[in-house]
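Top to bottom, those sequences are chains A and B. For the first sequence, the residue numbers in my numbering are 772 to 1469. For the second sequence, the residue numbers in my numbering are 772 to 1469.
There are 2 protein chains.
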Amino acid sequence: MNPRLPFRFVSAMTLVTSLAATLPARADEGMWLYEDPPRQILRERYNFDLTPGWLEHLMKSSVRFNSGGSGSFVSADGLVLSNHHVGADALQKVGTAEHDYLREGFYARTEKEEIRCVDLELNVLQSVEDVTSRVNAAVAPGLGAEEAALARRKIIAEIEKESRERTGLRSNVTTLYQGGRYHLYRFKRYTDVRLVFAPEQQIAFFGGDPDNFEFPRYDLDVCLFRVYEDGKPVHPEHHLTWSKDGTHDGDLTFVSGHPGRTSRLLTVAELEYLRDVSFPYTLNRLKRLESLLRSWSERSGENARRAKDELFGVQNSRKARDGGMAGLADPVLMGRKAAAEKQFKERLAAAGKYPEALAAYEQLVAAQKAIGAQALRLRLLESGHGFNSESFGIARTLLRAGDERPKPNGERLPEFSDANRESLELDLFSDRPVHEDLEMLQMADALTFLGEQLGFTDPLVQKVLAGQSPRARAAALIQGTKVREVAYRRKLYDGGAAAVAASGDPMVELAKIVDAEARAARKAVEAQEELKHQAQAAIARARFELEGAGQYPDATFTLRLAFGRVMGYEENGRTVPPFTTFAGLYERNAQMKNLPPFDLPPRWLKKKSALNLRTPYNFINTADIIGGNSGSPVVNRAGEFVGIIFDGNIQSLVLDFAYDDVQARALSVDSRGILEALDKVYGVGELVRELKTGHRRK
Amino acid sequence: MNPRLPFRFVSAMTLVTSLAATLPARADEGMWLYEDPPRQILRERYNFDLTPGWLEHLMKSSVRFNSGGSGSFVSADGLVLSNHHVGADALQKVGTAEHDYLREGFYARTEKEEIRCVDLELNVLQSVEDVTSRVNAAVAPGLGAEEAALARRKIIAEIEKESRERTGLRSNVTTLYQGGRYHLYRFKRYTDVRLVFAPEQQIAFFGGDPDNFEFPRYDLDVCLFRVYEDGKPVHPEHHLTWSKDGTHDGDLTFVSGHPGRTSRLLTVAELEYLRDVSFPYTLNRLKRLESLLRSWSERSGENARRAKDELFGVQNSRKARDGGMAGLADPVLMGRKAAAEKQFKERLAAAGKYPEALAAYEQLVAAQKAIGAQALRLRLLESGHGFNSESFGIARTLLRAGDERPKPNGERLPEFSDANRESLELDLFSDRPVHEDLEMLQMADALTFLGEQLGFTDPLVQKVLAGQSPRARAAALIQGTKVREVAYRRKLYDGGAAAVAASGDPMVELAKIVDAEARAARKAVEAQEELKHQAQAAIARARFELEGAGQYPDATFTLRLAFGRVMGYEENGRTVPPFTTFAGLYERNAQMKNLPPFDLPPRWLKKKSALNLRTPYNFINTADIIGGNSGSPVVNRAGEFVGIIFDGNIQSLVLDFAYDDVQARALSVDSRGILEALDKVYGVGELVRELKTGHRRK
């Protein structure tokens, strides 16, 4: 994952997770749990006291975008700030052939002009509870892997449902330390989110894919929403105050957000699996999608609009994965990992009382191997890579909803549990636009990919293609299905399995053809994941005993606290300073001849002379972030807003596997740059006033 | 292969070749041998008599661009016309950071201003001789595969050398019908080729990758050279006369050019291999390169210039292969192939006297399987996909030249045979620019690809990487090698194996590390190819007996004659007319807002009113073409020039496997459009006069 990528929900069974050789936290490393913050480190390193009040204020000001990013309340009247690229999905969905808000930008002068987002859900963390012992107690020792997985799923669903009923809050149990701990997170949930302001994508993503993950940078990657409840703007208990003078070189800063996923605690065997199997597969697929979407986009402006958000996500992931692959392919990084693992195992052996933890390493190797044998079918059939279309996804949700909903809560696939029902339905009945032509393009390619990967003579592939070419089959399915009509979806969902079975919808029929094998692959992998959880729990117990607490778990798209200094770095013998300015923006624009993606919106060309060109625009710090942190507020010692995370530099892409502060940096938009642009370029004085005072004018 | 792609020399061992179920020639099908032209078909279908004189005139006016394309003499003073994209490589090589002729275009007002191309070789076919019996006689029955391959290589080298010495002409034995026939081709060879005129790439490749392989089209894809000998323009025996009034809807036209490779005669087993192994590998690699080169190009204008030609080739191949894959993945096309093969086998069985031919099908399956087992190492190590850089290619040529040149002519790798010496040295000592940064980029990616494909723990991969990351290793190799200096290359080449061994050049050392395994893979595959040739020869003998002559062999980048009518087609219920005009060009430009790659060069915007907008610009016909035909002259019944092939439409991409005339079309630039543009937009009256009269002004 990476900051530019709105972190997308990882499917229930991540392919590789494990607790293993942690390297000792060093420098500004760490994506710390709010419930176990780095008090001592901050005191020793920065002479800073983390008080409970300071923490609670930042926690309750922080917002999770369930579409895959972070944000924060920045006014007492419900204003939420995030990245433009986090909001892109929402902007795209409210756009039309006439109004491409993603491209043109948007501003609502009045409450009335604010546009409600189609299916955006925001969460604000309210409380955390350690439920490890309750979860583990429910999984009897000696159970088979499948039974154990089921028992664990059941107790988790039970805890979540109970909490939801008792508190009315969204409640999710999260697996930490790859199985070492289970924490119950409770969130306030907002679904009436309205668009207030977005700049043109040209300036939000100035430099596009070429400058993505690079620094120096010049992006106004911001987007403002207002959160409503009962038809009125909310007045959140906490919101961040806008800093009067921003941050400066060397300052200590904090980042509060939702890093999606890291892989730092993996065993060497698991890292090798990523390097040899998982990353090559993913990169092959991403570059294929990139080529497909780019070619299609370039045929017309309307194509480009339709595919823009998808293409952005693909390119961004591709660049991030290429960076990750560079780390995995580096014998130096891998050597460090191997050495640390060896050292820890020796420590376990020397202590003489951890036979389980030592055996766990072997169990992880075996489980990883078993997962590897299922991985391809899992991704193609269960993750849907072989059908890549919204229509297929919807059809399958309808099919499975019919099968799952009659079951007891604890026995359902987790996405159909009571705790997830509201989010599921929000998504399923969303009236977001789905474009038939883009669907056909992507599905035809996905069916070809399916044939290539499993073989065109594979019996299931032959059933899927039904004697047609991938192009012809995709066209027939996409044109023949009715699942893109919300009313039809409601009918099948409400009608349950009987209605689904009677529908005869060709896409639902396809989902049926695939479902047994898809479920089988998932079940097999989940059983192995359970074995891994058990093994990892054994290692975690030993580690906590030997090394004490003071570790942070891998990222899980739950709220974390990171910290770091504002700081430049050395690259190819020259110093990269920590701040850029508007002057630099205009220079880069001129250098690239104002050609896309380095072109400026007309108003930026016109308003140049109005701007103070020396205003800090983007800056970097050493905070430990990853994808999902996009939109995270950056605050100073006083807890005031000084910037917003929107990316990492190219050197930060190995942060997936190990923290580094030599060159790796987190990129932010500077709070001063935001105000200057809103004021001088966009002339949105009301908004500037609300940000400065924390209140909108009555 | 495809027309847009300058056909690149296929390495000595094509991975799949075979003679199998030919489908009967239908409609305007066929890439016919000049030595066995479709006289009867043309008489019956078009009432046209192919006379020897007409054929010889067209043959000797036709020019092969050894960089991978076709062209023709169009004046008695040595003017040769080809496509801009065929000339792109040459344009790129003579360009500098100050003058990007590929982008800006070029015009030499005087002889003196003409720029000599760095390493371009043109060939004009002079005569053909059937040497099948001599080749086969030299391969004793009962020889093992390796010995047989060696014996065949030896006799071929002998025939070529003998012919070269006797006639002074470039002499190459070509394998036709996948081993059914061997023909000796003799060419006049020109290496002093000078650039005369090229339009801006913007207009030559208007619409870029998005409109590539599409129709309607609006491309001025032409480039003019002048051929010199002994420092003076040549006066070729034959050149094409420019037609006074061009061609019209329904007209019979001929295409004379060098289609690179087709796969129409493959057995079903071989096609399945392409579908299941070969194409997926190639597409994975191409999309990976496309992503890499595009990202890099977009970082700066200079990057873009350096990578442009390479990127164009990659995108073009990718689109062509995607089209081919669509054919292979189509059960209907594959079903037709299977039915035809079954039918022919039944005919063989019924005749009762072809046990060898029937057994040959099984032998082909076995050989294909054996080739498949070597294919990955062959491509990565021998074809160089694992090192993707000019520097590695040069280093390996130097290493091998040292080893091969002392051997007897017939025992060398064919690229080092006496017959190929001049071409090899032209290429090796070419002073073309090789960019260090681009080399590092590509090689780092290739080394990563190597690791992914063979596994990072493969012993050879570990030797190649030498404990470094792919990026670090590529940087060290590319920066450390001296092979990009021509003088250094000469020194090692002249010094032979001893000088090479003493050099200690890191890239040469790398080539040495790889060479044993690369040669082993090649040897193993060539042995299997020999078995295939033998099997295919058996099938070919039976076919010639059962079906007579009147077949054409798969394309081999040797001169072929195709024919077809100028004709539109139906698509999605609407008629696509056969001609476009300049008016259409300006419409598409306006529709795409003059943004790249739909932008027009300034002079095209300025001169719009000077142009007759109704002038035919591009047109289509049903002629049977493929990559390598780029630049082929299109002539009318009188043998006069009416257009120049530059592409096929998207429906033509399955022509690799089977001819089709329902929608598949060849695309040409119209002779009238060329003159109108040269005259009105470029104001190059002298050139227009030379094309019209066939002579330059004295």
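The beta-carbon is built from N, C-alpha and C at its ideal position, and this holds for glycine as well.
Close Cβ partners of residue i (< 6 Å) along its chain, the five nearest in sequence each way excluded
{"i": "Leu-1184/A", "result": "Glu-1175"}
{"i": "Ala-911/A", "result": "none"}
{"i": "Ala-1306/B", "result": "Ala-1131, Gln-1134, Leu-1135"}
{"i": "Glu-882/A", "result": "none"}
Integer Cβ distance of residue i from residue j, believed to fall under 8 Å
{"i": "Val-1416/A", "j": "Gly-1028/A", "result": "The residue you asked about is not Val; residue 1416/A is Ile in the sequence shown. Indeed, because the Cβ distance is near 7 Å, the residues count as touching under 8 Å."}
{"i": "Val-749/A", "j": "His-954/A", "result": "The structure shown does not extend to residue 749/A, since chain A spans only 772 to 1469, so no value can be given for it."}
{"i": "Arg-997/B", "j": "Pro-1007/B", "result": "That belief does not hold up - the Cβ atoms of Arg-997/B and Pro-1007/B are roughly 11 Å apart, past 8 Å."}
{"i": "Leu-1236/A", "j": "Leu-1225/A", "result": "Actually they are not in contact, since the Cβ atoms of Leu-1236/A and Leu-1225/A sit about 11 Å apart, beyond 8 Å."}
{"i": "Gly-1157/B", "j": "Leu-1151/B", "result": "4 Å"}
{"i": "Gly-1084/A", "j": "Pro-1368/A", "result": "Incorrect: roughly 16 Å between the Cβ atoms, too far for contact."}
{"i": "Trp-803/A", "j": "Ala-1333/A", "result": "7 Å"}
{"i": "Glu-1461/B", "j": "Asp-848/B", "result": "7 Å"}
{"i": "Val-1440/A", "j": "Tyr-1340/A", "result": "With a Cβ gap of about 19 Å, Val-1440/A and Tyr-1340/A do not count as contacting."}
Per-residue contacts from residue i into chain B (C-beta, under 9 Å)
{"i": "Gln-1239/A", "result": "Asp-1101, Pro-1102, Val-1103"}
{"i": "Asp-1047/A", "result": "Gly-1222, Glu-1223, Gly-1226, Phe-1227, Thr-1228"}
{"i": "Arg-1089/A", "result": "Ser-1062, Ser-1066"}
Interface partners of residue i on chain B, CB under 7 Å
{"i": "Asn-1055/A", "result": "Asn-1055"}
{"i": "Met-1096/A", "result": "Thr-1219"}
7 Å Cβ shell around residue i - same chain, five flanking residues per side excluded
{"i": "Arg-1077/B", "result": "His-1206, Leu-1209"}
{"i": "Glu-1081/B", "result": "Leu-1064"}
{"i": "Glu-1447/A", "result": "Leu-1382, Asn-1383, Thr-1386"}
{"i": "Arg-1443/A", "result": "Gly-1017, Thr-1386, Pro-1387"}
Under 8 Å from the C-beta of residue i: neighbouring residues of chain B
{"i": "Thr-1351/A", "result": "Within 8 Å Cβ-Cβ: nothing; Thr-1351/A doesn't reach chain B, min ~17 Å."}
{"i": "Pro-1277/A", "result": "Correct list: empty, because the minimum Cβ distance to chain B is about 18 Å."}
Proximal chain A residues relative to residue i, where beta-carbon distance stays under 9 Å
{"i": "Asp-980/B", "result": "Arg-1065, Ser-1066, Glu-1069"}
{"i": "Pro-1367/B", "result": "Leu-1366, Pro-1367"}
{"i": "Arg-1242/B", "result": "Ala-1097, Ala-1100, Asp-1101"}
Per-residue DSSP class, three states only, for residue i
{"i": "Ser-833/A", "result": "strand"}
{"i": "Leu-1458/B", "result": "helix"}
{"i": "Arg-814/B", "result": "helix"}
{"i": "Phe-1428/B", "result": "coil"}
{"i": "Glu-1301/A", "result": "helix"}
{"i": "Pro-1387/B", "result": "strand"}
{"i": "Thr-1168/B", "result": "helix"}
{"i": "Thr-1033/A", "result": "coil"}
{"i": "Lys-1469/B", "result": "coil"}
{"i": "Leu-794/A", "result": "Residue placement at Leu-794/A cannot be trusted, given a pLDDT of 36 that sits under 50; what the coordinates show is reported in the next sentence. Looking at Leu-794/A - three-state DSSP - the assignment turns out to be coil, as it is neither helix nor strand."}
{"i": "Asp-1418/A", "result": "strand"}
{"i": "Val-1337/A", "result": "strand"}
{"i": "Ala-1146/B", "result": "helix"}
{"i": "Ala-1481/B", "result": "Past the edges of chain B, shown from 772 to 1469, lies residue 1481/B, and the structure says nothing about it."}
Chain-ordered chain A contacts of residue i [CB-CB under 8 Å]
{"i": "Arg-1059/B", "result": "Leu-1054, Asn-1055, Lys-1058"}
Chain-order list of residues whose beta-carbon lies under 8 Å from that of residue i (same chain, five-residue window excluded)
{"i": "Leu-1170/B", "result": "Val-1271, Val-1279, Ala-1282, Lys-1283, Asp-1286"}
{"i": "Phe-819/A", "result": "Leu-813, Leu-1023, Arg-1408"}
{"i": "Ala-1247/A", "result": "Gln-1239, Pro-1277"}
Closer than 7 Å at the beta carbon, the chain E residues around residue i
{"i": "Pro-1051/B", "result": "The structure shown has no chain E; the protein chains it does contain are A and B."}
ask   = Are the region 1052-1071 of chain B and the region 1191-1205 of chain A touching by the rule of at least three beta carbon pairs closer than 8 Å?
value = Judged by pairs of C-beta atoms under 8 Å, the region 1052-1071 of chain B does not touch the region 1191-1205 of chain A, as fewer than three such pairs exist.
request  = Indicate whether the contact test is met: 3 or more Cβ pairs, each with one atom in the region 928-936 of chain B and one in the region 1322-1332 of chain B, closer than 8 Å.
outcome  = no
message = For the region 1246-1261 of chain B against the region 1103-1119 of chain A, do three or more pairs of beta-carbon atoms, one drawn from each stretch, fall closer than 8 Å, so that the two count as touching?
response = no
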